[in-house]
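Reading through the structure tokens given below for one structure.
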Amino acid sequence: MLYAYTAVITESDGIFYAKVPDIDGCITTGNSLPEAISLITDALNLCLVGLEDEDICPKPPTSQADIPHTPDDILTIIQADTILYRARTDTKAVRKNVSLPAWMAGLADKRGINCSKVLQDALLTVLS
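Each residue of the sequence shown is one higher than the one before, starting from 13 at the first, in our numbering.
Put into structure tokens, the structure is as follows:
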């Protein structure tokens with residue numbers, strides 16, 4: 013799933029505190045602004061994956077104009093792609109048996125086609 017939320021980043025004594033107010037517990041810190049943005053993006057993806065796994069619909073994003081912040085805060089849109097995040101982080105393989113017509117399996121073998129890879133690619137396309 014694709015999501016976009018606003019992150020609020022506050023700098024204090026060289027530390028950048030980042031949070032996504034719409035998602036409970038989505039907070040992190042970084043030593044620089046780019047690091048804070050990278051870490052809050054990762055945190056947002058992780059939080060949203062957890063919500064999806066629990067079948068909890070995340071709160072819709074609040075308009076930036078309605079997010080409480082100080083004038084010194086940095087507000088930035090953070091994009092999350094939970095399908096891509098899962099593909100990058102959850103690499104454990106699970107065995108699934110698939111039935112194919114004999115002619116199809118034979119032709120795939122003759123052509124050196126990896127059926128597992130084809131199925132993964134097809135599922136990724138359908139799930140995205």
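The C-beta atom is built at its ideal place from N, Cα and C for all residues, glycine as well.
What are the boundary residues of the alpha helix (DSSP H) that includes residue i?
i	result
THR94	94-101
SER128	127-139
GLY118	114-122
From the options, pick the residue whose C-alpha is nearest to that of residue i; which is it?
i	options	result
ASP84	GLU23, LEU45, TYR17, LEU96	GLU23
LEU51	GLN132, MET116, ALA114, ILE21	ILE21
THR74	ILE125, ASN126, ILE90, LEU139	ILE90
PRO46	GLY26, ASP121, LEU60	GLY26
ASP93	LEU136, ALA114, LEU112, ASN109	LEU136
SER128	ALA105, LYS122, LEU119	ALA105
LEU139	ALA30, ILE95, ASN109	ILE95
ARG107	LEU87, LEU131, ILE125, ALA117	LEU131
So is residue i buried or exposed if we call it buried at 16+ other beta carbons inside 10 Å?
i	result
THR18	buried
THR218	For the chain, the structure presents residues 13 to 140; residue 218 sits outside this window and is missing.
ALA48	buried
THR40	buried
LEU60	buried
If you reduce the DSSP assignment to three classes, tell me which class residue i lands in.
i	result
SER24	strand
ILE49	helix
ALA55	helix
ALA30	strand
GLY37	coil
ALA77	helix
Evaluate contact between the stretch 50-70 and the stretch 28-35, counting only Cβ atoms and requiring at least three cross-stretch pairs below 8 Å.
yes
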